[in-house]
Amino acid sequence: MLTKKIVLFSLMACSVTCPQGRAAELNIGGTPDKMAMPPSSLPILPALPAAEDTSFFANTDVPHGKVEQLTYRTLDGKQKRMHVYLPPGYDTSPERRYPVLYLNHGGGEDDAHWTANNIRSGGFANLILDNLIATGKAKPMIIVMPNSRDLASGDSPKPGIEDACSSEYLKVIIPFVDGRYRTKSTRDNRALAGLSMGGFVVLNTGVNHLDTFGELFVFSSGYWPDRLRSFQENMKGILSDPKINDKFRMPIYFAAGETDIAFTNSQKTLAVFNGYGIRTFSTLSSGGHEWMNWRRYLYQTAQIMFPDS
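Okay, so the sequence shown: first residue is 14 according to our numbering, each after it adds one.
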């Protein structure tokens, strides 16, 4: 078994991250046929902002996008809500199309939390993207934040059985978004991310549908031991595919805080992917299961999304 661990540092990363004792890691394991993309062609994760840094989500004097609140009808006829961030220039560039990040909230929250401007319980996602786009650090993108409270599950779906979350995403949410907005409607221009409970949307729906989502990002989430065993059994056919790394646009991303209640589950779930030789990004931050971290993870990952868009 060939196993390599590459710790990715730059001087910038060291100056910001090292005082907190953190590093971003790119893990590469498995056999040579699972390493089709050489490490040199992979992006380097930017440093996380310091825990006390609020400047990256400040309301600064830059062009701002807008956030829309919409309702859509589910397969069983229910009305559900989503929030959608449109980047600066969307309304003034009618010919331009955009990649889409589907961003999921955690348990006890809803679709409004990712763009809420609340230091304790809000993601400031719109301001994070406004600032990154203005400085050229992130590609202009649409962010779709559905209410996934009744969709996410800590149980992985069995092979051949379409779970409720995947059905709603593939048959309702994505067609609704592609029909309403100027999206780039290909897997290479579609990412899936989620925090805590929303991380199960990524693990269950994203991993099962790599023909739909090219990039996956898991914030503060992972399976409990008994459910992790079920995940391995249910997903073995996918995870053991010798060409699995070709199906990921970039390494699957896991992040957790050192005092995060999901830290152990996150690390053990990450280890399953590494055990199959699947490339992963792994970020360990200070702090726990909190918005301070989830904002930082979004800031970090948004900068590597959609490299070819």
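A virtual CB, placed ideally from N, CA and C, is assigned to each residue, including glycine. None of the values given here were measured: they were computed from a predicted structure.
In the DSSP output, what is residue i paired with across the bridge?
i, result
"N258", "In the DSSP output, where bridge partners are listed per residue, N258 has none listed."
"H96", "Q82, M158"
"N117", "G207"
"A111", "Before going on, a small fix: residue 111 reads as Tyr here, not Ala. Paired residue(s): T196."
Name the residue from the options whose alpha carbon lies nearest to the alpha carbon of residue i.
i, options, result
"S234", "L140, L205, I274", "I274"
"Y98", "L61, G250, E81", "E81"
"K91", "T128, G102, I186", "I186"
"D4", "G270, N247, L83", "Beyond the ends of the chain as shown, which are 14 and 322, falls residue 4; an answer cannot be given."
"H6", "L311, N221, F276", "Outside the modelled stretch of the chain, which goes from 14 to 322, sits residue 6, for which no answer is possible."
"G288", "L140, L297, P255, G207", "P255"
"C178", "G250, D89, P153", "D89"
"K171", "V220, G192, I156", "V220"
"G102", "P112, S209, Q313, K79", "K79"
"R308", "L55, A64, R203", "A64"
"Y111", "G120, F232, M154, D176", "M154"
"F2", "F137, R262, N258", "With the chain covering only 14 through 322, there is no way to say anything about residue 2."
"S228", "I257, D191, D66, R200", "Correcting the residue identity first, residue 228 is Glu in this sequence and not Ser. Per the Cα distances, R200."
"R109", "T73, R133, S134, K152", "K152"
"D66", "N306, T314, S322", "N306"
"V113", "R86, S134, L142, T105", "L142"
"V75", "L140, T218, P159", "L140"
"L311", "G192, N217, G300, G207", "G207"
"W304", "D191, G119, E181, Y182", "G119"
"D104", "A204, Y85, N247, H77", "H77"
"E181", "P159, L116, H96", "P159"
"T225", "T73, G250, D191", "D191"
"R94", "H126, P100, N72, S106", "H126"
"R262", "N247, H96, A204", "A204"
"Q313", "V231, S322, L252, S161", "V231"
Taking the continuous alpha helix (DSSP H) assigned at residue i, which residues delimit it?
i, result
"S180", "177-181"
"P188", "187-193"
"L142", "138-147"
Would you call the stretch 281-290 in contact with the stretch 313-321, where contact means no fewer than 3 C-beta pairs closer than 8 Å?
no
When the Cβ atoms of the stretch 288-300 are set against those of the stretch 260-273, are three or more pairs found closer than 8 Å?
yes
Examine the Cβ distances between the stretch 190-201 and the stretch 236-248 and report whether three or more of them are shorter than 8 Å.
no
What residue ranges within the stretch 249-303 form continuous beta strand (DSSP E) runs of no fewer than 3 residues, ordered along the chain?
265-270, 293-298
Say whether the stretch 198-215 touches the stretch 161-171, bearing in mind that this needs 3 or more beta-carbon pairs closer than 8 Å, one atom from each stretch.
Three or more pairs of CB atoms, one per stretch, sit closer than 8 Å, so the stretch 198-215 contacts the stretch 161-171.
Could you pull out every unbroken beta strand (DSSP E) segment of at least 3 residues lying fully inside the stretch 200-247, listed in chain order?
Taking only runs of at least 3 residues, the beta strand (DSSP E) segments lying wholly in the stretch 200-247 are 203-208, 228-232.
Are three or more beta carbon pairs between the stretch 176-190 and the stretch 145-154 nearer than 8 Å?
no
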